[in-house]
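S.K.: Just passing along the structure, written as structure tokens.
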Amino acid sequence: MSAAGPGDRFVVVGAGLAGSLMAALLGRAGHRVLLLERRPDPRRGPAEAGRSINLAISARGLHALEQVGLKDEILRAATPLYGRMIHPVEGALAFQPYGTRGHAINSISRADLNVALLDAAERSGDVTIRFGRRCTEVDPAAGWVETVDVASGGAGERHAGTIVGADGAYSVVRAHLQRQERSDYSQAYLAHGYKELHIPAADDGSPRLDRNALHIWPRGGYMMMAMVNRDASFTVTLYLAFEGANSFAGLAAPAEVRGFFERTFPDAPALIPNLEREFFANPTGTLVTVRCRPWHVGGAMALLGDACHAIVPFFGQGANAAFEDCLAVAEALARHPGDRATAFAEYEAERLPHANAIADLALANFHEMRDHVASPLFRLEKRGEVLLHRLFPRWFVPLYTMISFTRIPYGEARARARKQGRVVRGILAVAGLAVVGAAWLLLR
Ligand SMILES: Cc1cc2nc3c(=O)[nH]c(=O)nc-3n(C[C@H](O)[C@H](O)[C@H](O)COP(=O)(O)OP(=O)(O)OC[C@H]3O[C@@H](n4cnc5c(N)ncnc54)[C@H](O)[C@@H]3O)c2cc1C
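Each number in my numbering corresponds to the 1-based position in the sequence shown with 564 added.
Below, the structure written as structure tokens:
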């Protein structure tokens, strides 16, 4: 096995969204960086099929992208989504705006975002990217990462440096930490999985649905979503239980799929021309929440993004949170230039409670999106929230607004939303008592 590279550099494992942003931030700060990725270079061929073709980036992600000069470029390539468009089984579509001030989340192709970040990493300074290298082992005590060539399975190399694990939910770097004493780890799968389907643009190139909305088909227990792509097509994501009623297991034949769609998503079959073929050809993805602690080994190794906190996608925050991690690491390293152990410890202390908070919020939002968004009570509550926010913009900020359109740390946003909820329920209770009291006085 050959040993490559000197010790005083960062070796980032995983050139996905977090790893490539981290490499760009480290490069800009004057560090030497080696970025290792198991996939081929997405700039030299078609992007590999994988998770979610497009994703939504909001305030937190945009702020991080701004630090490497990418915010405007990404916004130009993205489509703003100003609210949710609800598709009921029967009746008219209903639009629910996200905020009061033209707030929008931004639909962007995962591949475009990744390519922009890889380019930014290479431009940022002394950053070398090596594709087709799969990390197989790490040793933070000795300060190396071991990789093999994916194509041949051989040509093992060791790369010396400070290790950053940005290798996603099934992180090999984290696996090392899991083997250590006093290392906490949990992984919980949803009973639901997801499958992507495709709505092409119309023959004249126009979108078949409102392009500036996140489309949701909430059905209680399961749901479907669609987000626009740059070419006016839409990527549809169907979330169904693996087993039981209305599940992937129950849809075993093309006629069953068509029948299910016609009954439960009646406007969809006309939009998805290759419904049955795509349903059986496209993979069914799993949805996992990963929590762990610690996130670092002294100043020798740290984890970020999905590698230390994979979350379910229902708040559209996984990548946004991963980008916030990258900034927190860069800022901590700048505060402690000669002391990576303190920098990594501060990073973990700053981010871990908020990663747990957004993991909980994302799970809760699954129930909200699939079960509640269509209900009149929910719509009334949302209108009430918007009204309160308009009347008292500093005092009352809806949870979704805090998560998607501010950078208030996730845990603080959750605590504030709970407090606001208690006050609002108190006001409603007093108002209710006043109405009952007035009615009693009038009627006695
Ligand atoms: C269906 C779905 C929809 C989503 N929608 C949104 C959304 O709208 N908004 C949002 O913010 N987030 C969303 N997310 C979450 C988001 O995709 C992740 O949080 C984000 O990709 C995490 O980035 P990462 O860089 O940590 O991990 P990843 O993107 O998984 O990148 C990890 C990288 O490491 C590489 N790698 C893995 N193992 C090795 C190895 N052994 N050696 C070398 N390289 C390795 C991988 O090839 C990959 O390039 C969604 C997720 C899903 C599943």
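Every residue, glycine too, gets a C-beta built ideally from N, C-alpha and C.
Keep in mind the model is a prediction, meaning the values are calculated, not measured.
1. Measuring CA to CA, which of Val575, His860, Leu634 and Ala809 is closest to Arg722?
2. Would you kindly report the start and end of the unbroken beta strand (DSSP E) that includes Glu701?
3. On the DSSP letters alone, give me the boundaries of the alpha helix (DSSP H) that Leu600 sits inside.
4. For ligand 1, is there any heavy atom lying closer than 7 angstroms to the beta carbon of Ile621?
5. By the DSSP assignment, the beta strand (DSSP E) with Gly647 in it spans what residues?
6. Measure from the alpha carbon of Arg648 to the alpha carbon of each residue in Glu820, Pro962 and Ile780, then state which is nearest.
7. In chain order, what residues of the same chain lie with their CB nearer than 7 angstroms to the CB of Gln1011, ignoring the 5 residues before and after it?
8. Using C-beta distances below 7 angstroms, list every residue in its chain close to Phe969, excluding the 5 sequence neighbours before and after it, in chain order.
9. Just to confirm, does Cys890 get its C-beta within under 7 angstroms of one of the non-hydrogen atoms of ligand 1?
10. Counting pairs of beta carbons, one from the segment 623-635 and one from the segment 730-741, are three or more of them closer than 8 angstroms?
11. Within its chain, find whatever has a CB closer than 7 angstroms to the CB of Arg627; leave out the 5 residues flanking it on each side and keep chain order.
12. Any contact between the segment 783-798 and the segment 755-769? By contact I mean 3 or more CB pairs, one from each, below 8 angstroms.
13. Out of Ala796, Ala790, Ile669 and Ala752, state which residue places its alpha-carbon closest to the alpha-carbon of Gly769.
14. Starting from Met787 and walking both ways along the beta strand (DSSP E), at which residues does that stretch end?
15. Do Phe844 and ligand 2 come close, with the Cβ less than 7 angstroms from some heavy atom?
16. What number of angstroms, rounded off, separates the C-alpha of Thr853 from the C-alpha of His931?
17. For my contact list, Asp690 and Val597 are in at a C-beta cut-off of 8 angstroms; report their separation, rounded to the angstrom.
18. Thinking Thr700 and Val736 are a contact (beta carbons under 8 angstroms), I'd like their distance in whole angstroms, please.
19. Which residue from Tyr974, Val893 and Ala642 puts its Cα closest to that of Pro917?
20. The beta strand (DSSP E) spanning Gln660 covers which residue range?
21. Measuring straight from C-alpha to C-alpha, what distance separates Ile617 and Phe798?
22. Count the other C-beta atoms from every protein chain shown that fall within 10 angstroms of the C-beta of Ala567, then say buried if there are 16 or more, exposed otherwise.
23. Helix, strand or coil for Asn536, going by three-state DSSP, please let me know.
24. So, for Met565: in the same chain, excluding its five sequence neighbours on each side, which residues have a beta-carbon less than 8 angstroms away from its beta-carbon?
25. So for Ile617, helix, strand or coil by DSSP?
26. Between Pro818, Gln744, Gly580 and Gly718, which has its C-alpha nearest Cys856's C-alpha?
27. Buried or exposed for Phe844, going by 16 or more other Cβ atoms inside 10 Å?
28. Taking 7 angstroms as the cut-off, is the CB of Cys856 close to at least one heavy atom of ligand 1?
29. Considering only the beta carbon of each residue, do Ala705 and Ala871 sit closer than 8 angstroms?
30. Just mark Ile669 as buried or exposed, buried being the case when its beta carbon has 16 or more other beta carbons within 10 Å.
31. Can you tell me the Cβ-Cβ gap for Ala977 and Ile967, rounded? I've got them flagged as a contact below 8 angstroms.
32. Taking 8 angstroms as the threshold (C-beta atoms), are Pro847 and Glu912 in contact?
33. Quick check on Trp1004: buried or exposed, where buried means 16 or more other Cβ atoms within 10 Å of its Cβ?
34. Would you call the segment 573-593 and the segment 672-687 touching, i.e. three or more CB-CB distances under 8 angstroms?
35. Assuming Met865 is part of the beta strand (DSSP E), what are its boundary residues?
36. Between which residues of its own chain and Gly718 is the CB-CB distance below 7 angstroms, once the five residues before and five after are set aside?
M.R.: According to the structure data:
1. By one-based count along the sequence shown, residue 722 stands at place 158. Out of Val575, His860, Leu634 and Ala809, Val575 has the C-alpha closest to the C-alpha of Arg722.
2. Numbered from 1 along the sequence shown, position 137 holds the residue referred to as residue 701. Membership of Glu701 in the beta strand (DSSP E) is indicated by the continuous run Arg697 to Asp703.
3. On the sequence shown, position 36 is the one that residue 600 refers to. Where Leu600 is concerned, there is no enclosing alpha helix (DSSP H), although the beta strand (DSSP E) it sits in stretches over Val597 to Leu600.
4. The sequence position of residue 621 within the sequence shown is 57, counting from 1. Answer for Ile621: yes, Cβ within range of ligand 1.
5. As a first step, residue 647 must be located in the sequence shown, where it is residue number 83. DSSP places Gly647 inside the beta strand (DSSP E), whose first and last residues are Gly647 to Ile650.
6. Reading the sequence shown from its first residue, position 84 is the one you call residue 648. For the set Glu820, Pro962 and Ile780, the Cα lying nearest the Cα of Arg648 is the one of Ile780.
7. Residue coverage of the chain in this structure runs from 565 to 1008, which leaves residue 1011 outside it and unanswerable.
8. On the sequence shown, residue 969 is found 405 positions in, with the first residue counted as 1. Shown here for Phe969: same chain residues with a beta carbon closer than 7 angstroms to its own, the five before and five after excluded, namely Ser622, Ala623, Gly663 and His667 in chain order.
9. Position 326 of the sequence shown holds residue 890. At a cut-off of 7 angstroms, the beta-carbon of Cys890 does not count as near ligand 1: no heavy atom of the ligand is closer than that.
10. Contact fails: fewer than three Cβ-Cβ distances are below 8 angstroms.
11. Taking the first residue of the sequence shown as 1, we reach residue 627 at position 63. The question names Arg, but residue 627 in the sequence shown is His. Within the same chain, His627 has close Cβ partners Arg971.
12. Note that the segment 783-798 touches the segment 755-769; at least 3 beta-carbon pairs, one per stretch, sit closer than 8 angstroms.
13. If you number the sequence shown from 1, residue 769 lands on position 205. It is Ala796 whose Cα lies nearest to the Cα of Gly769.
14. As a first step, residue 787 is located in the sequence shown; it is residue number 223 there, counting from the start. The continuous beta strand (DSSP E) containing Met787 extends over residues Met787 to Val792.
15. For ligand 2, the structure offers nothing, since it holds only ligand 1.
16. Within the sequence shown, the letter at position 289 stands for residue 853. Within the sequence shown, the letter at position 367 stands for residue 931. In this model, Thr853 and His931 are separated by some 15 angstroms (Cα to Cα).
17. Within the sequence shown, residue 690 is the residue found at index 126, counting from 1. Within the sequence shown, residue 597 is the residue found at index 33, counting from 1. Asp690 to Val597, Cβ: 7 angstroms. Contact.
18. Looking up residue 700 in the sequence shown gives position 136. Looking up residue 736 in the sequence shown gives position 172. The Cβ separation is near 7 angstroms, so the contact holds.
19. On the sequence shown, position 353 is the one that residue 917 refers to. That would be Tyr974, whose Cα lies nearest to the Cα of Pro917.
20. Here residue 660 corresponds to residue number 96 of the sequence shown, with the count starting at 1. Ala658 to Pro661 is the extent of the beta strand (DSSP E) around Gln660.
21. Against the sequence shown, residue 617 aligns to sequence position 53. Against the sequence shown, residue 798 aligns to sequence position 234. Phe798 has its alpha-carbon roughly 10 angstroms from the corresponding atom of Ile617.
22. On the sequence shown, position 3 is the one that residue 567 refers to. In this predicted model, Ala567 has a pLDDT of only 39, less than 50, meaning its place in the structure is not dependable enough to derive any value.
23. As shown, the chain starts at 565 and ends at 1008. That puts residue 536 outside it, with no answer to give.
24. Here residue 565 refers to the residue found at position 1 of the sequence shown. At Met565, the pLDDT of 46 sits below 50, so the modelled position is not reliable; the number obtained from the coordinates is stated separately. If the five residues before and after Met565 are omitted, its C-beta is found closer than 8 angstroms to the C-beta atoms of Glu710, Gly720, Glu721 and Arg722, all from its own chain and listed in chain order.
25. For this step, residue 617 is matched to residue 53 along the sequence shown. Correct three-state label for Ile617: coil.
26. Counted from its first residue, the sequence shown places residue 856 at position 292. Distance check between Cys856 and each of Pro818, Gln744, Gly580 and Gly718 places Gln744 closest, using alpha-carbon atoms only.
27. Taking the sequence shown and counting its residues from 1, the one referred to as residue 844 is at position 280. Exposed.
28. By 1-based counting over the sequence shown, the position of residue 856 is 292. Because no heavy atom of ligand 1 lies under 7 angstroms away, the Cβ of Cys856 does not count as near it: no.
29. Position 141 of the sequence shown holds residue 705. Position 307 of the sequence shown holds residue 871. Contact: no.
30. Translated into the one-based positions of the sequence shown, residue 669 becomes position 105. Under a 10 Å Cβ-count criterion, Ile669 is classified as buried, with 16 or more other Cβ atoms of the shown protein chains found around its own Cβ.
31. Position 413 of the sequence shown holds residue 977. Position 403 of the sequence shown holds residue 967. Correct: roughly 6 angstroms between the Cβ atoms.
32. The sequence position of residue 912 within the sequence shown is 348, counting from 1. The sequence position of residue 847 within the sequence shown is 283, counting from 1. Not closer than 8 angstroms, so no.
33. Reading the sequence shown from its first residue, position 440 is the one you call residue 1004. Exposed, since its Cβ has fewer than 16 Cβ neighbours within 10 Å.
34. Here the segment 573-593 makes contact with the segment 672-687; the two share three or more CB pairs at distances below 8 angstroms.
35. On the sequence shown, position 301 is the one that residue 865 refers to. In the DSSP annotation of this structure, the continuous segment of the beta strand (DSSP E) that includes Met865 starts and ends at Met865 to Leu867.
36. Position 154 of the sequence shown holds residue 718. Within the same chain, and ignoring the five residues on either side of Gly718 in sequence, the residues whose Cβ sits closer than 7 angstroms to its Cβ are Val712.
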